[in-house]
Every structure is written in C-alpha cells, then in structure tokens.
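One structure below.
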Amino acid sequence: MQVGIVHNRSQTVHKRLTEASVTENIENPNNGIGQELSSPLKINADGSDVQDVVSDNIYNSNNGQIPEQTIPMQPNASKNSILDKALQGVNVVLNYQKTLYIVEHPNKPLMNLEYEMIRKSDWNRIERCCMHVINYMLTEHFEPYHLMQQNEKKIIIKNTATNILFLLKCYQTSKYFPNPEDNRFVTHYGYYNSPDTNEYFFANEASQNKEECFKNHNICLGHLRAITNKLVTYDFGEVDLAALSYLIFALECENHALYKNIIETNKNLLFYEYLKIIANTYGFEKAGVKFGNVLSLQNDFTKLQRKLYEFRIMGKLFFSSDFVDIWDELLCENQETTSIPILVPNKHHVDNKC
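And the structure:
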C-alpha cells in the first residue's frame, strides 16, 4: 500500500500553519480541500522515500496549546535509541491531528482553543486517517515492523493501533481536562465527547436501542477517564508515552511470536533507557514506583480493548444498521491506494530528564 499527499498553495491555510508553527505539506483527504503546497510527500509501504517535513512539538507552549509540563527534549547521544524513535513516532501522530484540525478550521484562533463536541461520523473519518498514520509511525519508528511481511503487519496493526490511539487520547485528555471531576474525553486534537454529548455524538448511528447504546458507550468512557486519572496521578509525560507505546507494540509482537529475538533485545534496551531517564529525574526509589505504574498501564489498555471490540460488535448488531466500525475495509486484501496527510515532526529526543 502506497500513501501519498499532494497540495495546492492556499494563503489562508499557509497563514494558519505558520501561526501554529507547523509544516505546509499537508492534506485532508476527505473534505475536498486538496490544495497543492510545495513538493509532494510520498510514503511507501516500506517507509522509504519520505521527504522530511518540519514542525514544532504539538505541545509547544508558544502556540497557546497545552500548558508545558515537561522539560524540552534534547538530542540523545545514541542514534539507535529505542525510546528516541518511539518519541518521534508518537509525535508524528499528535502533530498530524493538530495539522488536520488547522486545515479544517482556517478561521478558528488557536490561542486558548475551546474544544468542541464531535459527531461519530467525523470521529470515524479522522480515526481512519490516523490508522494510516499509525502504520507509517510503526514502519518508520517501531522496529522491527518494517521487516514484517504484509500478512504479519495485518496481524499486528489492529490491536496495536487501537491501544496506542486510545493511549494518545488519554494522554491528551490528561493535559487538556486533568480535573478528575471533568467527564470530557479528548477524541482527537480540538474535539471531545462525554456522557453528556451522546445524542449529538451518535446522531444517525444509534437509531435503535439508544439507551443501551449510550449505556455501553458511557461504560467505555468511564474506563477511559479512569485511565486518564491514573496518568494525571503518575505525572505521565511524553517520555512515558513513548515508552508505553513501544511496549504495547512489543507485547503484541510477542503474543504472535514475531521477531522474538529483536523484540526481546529492543524491549530490554527500552527498559534500560526509560529507567535511567526517570531515575535521573525522580531519584531511584521514586523511579522504581513510576516505572512499575507506567508499564502496568498496558494491562488497562488490554482490558479496554476488549470492551471497545465488544461495543463495536454490539453497535453493528443491535444499535443501527448504519453503525460504523472504522476497521471495515481497512484490512482488505485489494485495498486501493489512499491519499492521506502525513506530518513528520522535527526530531524530538529524550535525554536524562522527563
């Protein structure tokens, strides 16, 4: 599968991107914008032929977004740092979401951005695009995904993408809505849903058994907010995010006995790098507690994943014939080439601080 992007120049979009300190090589595949900006960026299935695009971190305090809670990352001496690569990878996805929002809302000020309710139709569209970006992230930054055959990638990506994307949502929620009494949950950059927005969120996708649909959706949201509250308690930052994301990927590979030697080596390197960083930041005793708390979150996402899959199945069977599972057609054998936006951030690195 080859993924490419091409855009025409637009002064309005360019101004918005400059304001947000992000690249102008972007595309929204589903809203008909299609402007051409600069030269095309093409992402191949093997991750080759990637033209680097530069942008600031999505959580840069200078652009009026999430208050900065982590110390800026500095270059790491090791070019083979598993944690470094994972950090760069998750920032690809976060920056992509931000850029897509900017293009779709050219007149909306970013300073003190007010998050808006989202409909499930928009959630489906953005989430499907994010799945392609996750595939790119894994190819470029999560070894040994790029070595896998297509059938092996299909085995790995569904559970991995689901868990990592919901981890990113919990992370974003912990930064934007950290109050444990707040029931809002970030779906993507600029959007949220909550038990109070069910009617708006589902619209035409829950025409039958609405009460049961809302009840099950609220259960999922409750699990997500519970995980989010843990992130707040654990002082969960981007280094923790990168470490847990790679661990989710590694454990999925282990579950299917894929590239066992490489995964074992990389996992040990990840643990060594991560523990060293948090020990330098918090001291050895506190680092041990944080290390255990953060890595144990993987179990929370495994349980959450089961609930989400159950909800998707119930939605299609009982809630509406129009209920959409975002994975429909994504893993087809003869999938057509799809144009999607990819944003490759500037190099984010980890040092001896969180």
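8 is the number of the first residue of the sequence shown in my numbering; add one for each residue after it. Beta carbons: idealized from backbone N, C-alpha and C, even for Gly.
Inset, instruction - Tell me, please, whether the segment 172-182 touches the segment 248-255 by the rule of three or more beta-carbon pairs shorter than 8 Å. - result: yes
Legend entry - DSSP state of residue 198 mapped onto helix, strand, coil: strand
Legend entry - Rounded straight-line distance, which links the Cα of residue 198 to that of residue 122: In this structure, the CA atom of residue 122 is about 5 Å from the CA atom of residue 198.
Inset, instruction - May I ask you to list the residues that DSSP assigns as paired with residue 124? - result: 199
Inset, instruction - Could you tell me whether the Cβ atoms of residue 228 and residue 192 are closer together than 7 Å? - result: yes
Legend entry - Span of the alpha helix (DSSP H) around residue 204: No alpha helix (DSSP H) contains residue 204, which DSSP labels as neither H nor E.
Inset, instruction - Return the chain-ordered ranges of every beta strand (DSSP E) run that is complete within the segment 208-232 and spans a minimum of 3 residues. - result: none
Inset, instruction - Give the DSSP-derived three-state secondary structure of residue 291 in the structure shown. - result: helix
Inset, instruction - Out of 316, 312, 243 and 268, point me to the one whose CA is closest to residue 289's CA. - result: 243
Legend entry - Classification of residue 296 by the beta-carbon crowding that lies within 10 angstroms, buried from 16 upward: exposed
Inset, instruction - Mark residue 255 as exposed unless 16 or more other C-beta atoms lie within 10 angstroms of its C-beta, in which case mark it buried. - result: Residue 255 is buried by the Cβ-count criterion.
Inset, instruction - Would you check if there are 3 or more beta carbon pairs closer than 8 Å linking the segment 262-273 to the segment 109-116? - result: no
Legend entry - Which of helix, strand or coil DSSP assigns to residue 192: strand
Legend entry - Inter-stretch contact (C-beta, 8 Å, three-pair minimum) for the segment 165-176 and the segment 129-145: Judged by pairs of C-beta atoms under 8 Å, the segment 165-176 touches the segment 129-145, as three or more such pairs exist.
Inset, instruction - Use the C-beta contact count for residue 164: other C-beta atoms within 10 angstroms, 16 or more gives buried, fewer gives exposed. - result: buried
Inset, instruction - Ignore the nearest five residues each way along the sequence and tell me which others in residue 162's own chain have a CB closer than 8 Å to its CB. - result: 263 and 265
Inset, instruction - Take every Cβ of the segment 144-160, pair it with every Cβ of the segment 202-218, and state whether three or more of those distances are shorter than 8 Å. - result: Result no; under three Cβ-Cβ pairs closer than 8 Å.
Legend entry - Under the three-state DSSP convention, the category residue 262 falls into: In the three-state reduction of the DSSP assignment, residue 262 falls in the helix class.
Legend entry - C-beta atoms of residue 89 and residue 300 nearer than 7 Å: no
Inset, instruction - Go ahead and label residue 291 buried or exposed: buried means 16 or more other beta carbons lie within 10 angstroms of its beta carbon, across all protein chains shown. - result: Exposed, by the Cβ-count rule.
Legend entry - alpha helix (DSSP H) segments (min. 4 residues) lying fully within the segment 115-187: 127-148 and 157-183
Legend entry - Residue burial classification, residue 210 (beta-carbon count within 10 angstroms, cutoff 16): exposed
Inset, instruction - Confirm the yes/no value for this check: CB of residue 121, any heavy atom of the ligand FAD, distance under 6 Å. - result: This structure does not include the ligand FAD; it has no bound ligands of any sort.
Inset, instruction - Kindly list the residues whose CB is nearer than 6 Å to the CB of residue 252, restricted to its own chain and excluding five residues on each side of it in sequence; keep chain order. - result: 93, 97 and 171
Legend entry - Through-space distance from residue 286 to residue 153, alpha-carbon basis: Cα to Cα, the separation comes out at about 32 Å.
Legend entry - Burial state of residue 279 (16 or more Cβ within 10 Å): exposed
Inset, instruction - Starting from the C-beta of residue 310, find all residues in its chain whose C-beta is less than 8 Å away, skip the five residues before and the five after it, and write them out in chain order. - result: Apart from the 5 residues on each side of it in sequence, residue 310 sits with its Cβ closer than 8 Å to the Cβ of 230 in its chain, given in chain order.
Legend entry - Host alpha helix (DSSP H) of residue 96 (start-end): 89-111
Inset, instruction - Report the three-state DSSP secondary structure of residue 242 (helix, strand or coil). - result: coil
Inset, instruction - Taking all protein chains shown into account, decide if residue 166 is buried (16 or more other Cβ within 10 angstroms of its Cβ) or exposed. - result: buried
Legend entry - Whole-number beta carbon distance between residue 204 and residue 130, since they are thought to touch under 8 Å: Rounded, the Cβ-Cβ distance is 11 Å, inconsistent with contact.
Inset, instruction - Would you check if the distance between the CB atom of residue 187 and the CB atom of residue 119 is smaller than 7 Å? - result: no
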